[in-house]
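Here the structure comes first, spelled out in structure tokens, and everything after it is commentary.
In the working numbering, the protein residues as written are -10 to 121.
The structure is reproduced here in structure tokens:
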């Protein structure tokens, strides 16, 4: 049986991540099973190539902001990504921390079909967005 877990901001201790998708990524895994829950922080001025996951994903921006497929997401923004849906994100001048949950477990990661081309060019500018 699962137990209640509460993690307050002062209890978040990030460690270097092992993902090659974003260099300098820091993580804190809260639950590795079902649901998979982790806190992820992407450093300033980084770009995550187009990719997808085999599980539905919910993200909440808890610090900083990120450009998520062309739309700025500030603190408090909630992002839902259906399984196998491709997306990318980038950060501006500050780091961005998100809380991430996949109800059915961690699942698998897949580079997008456009990942090589998009990754070399960097993110596209958001329409009507500011240039942080």
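Here a beta-carbon is modelled for each residue, glycine too, at the ideal position from N, C-alpha and C.
Count the other CB atoms within 10 Å of the CB of residue 120; is the residue buried (16 or more) or exposed (fewer)? In this predicted model, residue 120 has a pLDDT of only 34, less than 50, meaning its place in the structure is not dependable enough to derive any value.
Let me confirm a value: residue 112 is counted as buried when at least 16 other C-beta atoms fall within 10 Å, else exposed. Which label applies? Bear in mind that the predicted position of residue 112 carries a pLDDT of just 44, short of 50, making it unreliable; the figure below should be weighed with that in mind. When all chains shown are included, residue 112 counts as buried.
Only counting runs of 3 or more residues, tell me where the beta strand (DSSP E) segments fall wholly within the stretch 45 to 79, in order along the chain. 46 to 52, 55 to 57, 60 to 62 and 67 to 70
Quick check on residue 5: does DSSP put it in helix, strand or coil? strand
Among 27, 82, 22 and 83, nearest to residue 93 - alpha-carbon criterion: 22
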